[in-house]
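Residues in the sequence shown are numbered from 3 upward in steps of one, following our numbering.
We treat Cβ as the ideally placed atom computed from N, Cα and C, and that holds for glycine.
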Amino acid sequence: MAMLPIITAPDPRLKQVAKPVERVDARTRKLMDDMLETMYAAPGIGLAAPQVGVGQRIIVVDVSPDDAPERQPYRMANPQLLWVSEDDATYNEGCLSVPEHYADVARPRAIRVRYVDENDEIRELEAEGLLATCIQHEMDHLEGILFIDHLTALKRNIILRKLLKARKTTDAEVRAG
Ligand code: NI
C-alpha cells in the first residue's frame, strides 16, 4: 500500500464531478487500499477519490472507534442513494480537504445505498447515524461538493479565506526555509 497526497480547498479538482468506475479491477482495488491507508494515517473516517486527485466515483469509509477490536472499512465504487429518511441528523463535520475547520451540517439520518464493492459485486447497505452522514459527505465529494457548500456563503467564504491565508503562510515558510 501507499500513502497518497490529499488535496485541500480551494482547488478546482475538488469541484469536478467524478466519472463512474466501469469495472473494479486490481488497479481500482489498489487505489481503494491506498485511500484507506491514507485515511487512517490522516486520521479520518472517510475519503473520496477526488481528494487524492482521482476523478472517479470511489469512496472509502470506516467509522469504527479507534479502540474497536476490528476495523470496519467500506470500499465503495459508484455509490448511489436508493432511499433517505425524512428526518435529519446534525453532525459537526470536518474534512481532510478543509483542514482544521468544522461546522454543523444536517443530512438525512438514515440511508440505503447501492454500490460496487472491492470484488466488483453490487451490494446494498442500510446505514444510520455517523455512518450515514459519513457516506453522504463522501458521496458529495463525487459531485464536487464540500461540506462547507452546505453552509451560508458568508461562513463558507470566511473558511476559504483562512485556508488561502494558511496556505500562503506555509508557502512563504517553505521558501524561507
Ligand atoms: Ni470530505
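Less than 7 angstroms between C-beta atoms, sequence neighbours within five positions excluded: which residues of the same chain meet that for residue i?
i, result
"Leu98", "Ile8, Ala44, Gly46, Leu49 and Gln53"
"Ile161", "Val100, His103 and Ile150"
"Ala11", "Ser99, Val100, Leu148, Leu162 and Leu165"
"Arg109", "Asp90, Ala91, Thr135 and Gln138"
"Gln180", "Nothing about residue 180 can be reported from this structure: the residues present for the chain run from 3 to 179 only."
Any heavy atom of the ligand NI within a distance shorter than 8 angstroms of the CB on residue i?
i, result
"Ala44", "no"
"Gly146", "no"
"Ser99", "yes"
"His103", "no"
"Gly48", "yes"
"Glu140", "yes"
"His143", "yes"
"Gln58", "no"
"Gln82", "no"
"Gln18", "no"
"Gln74", "no"
Skipping 5 residues on each side, what residues in its chain have a beta carbon closer than 6 angstroms to that of residue i?
i, result
"Ala105", "Leu153"
"Asp35", "Met3"
"Tyr76", "Val63"
When burial is assigned at 16 or more other CB atoms within 10 Å of the CB, is residue i buried or exposed?
i, result
"Arg29", "exposed"
"Gln138", "buried"
"Ala178", "exposed"
"Ile60", "buried"
"Arg25", "exposed"
"Ala5", "Strictly speaking, residue 5 in this sequence is Met, with Ala absent from that position. Flag for Met5 reads exposed."
"Val63", "buried"
"Glu72", "exposed"
"Glu140", "buried"
"Val118", "buried"
For residue i, which beta-bridge partners are listed by DSSP?
i, result
"Ile61", "Ala50 and Met78"
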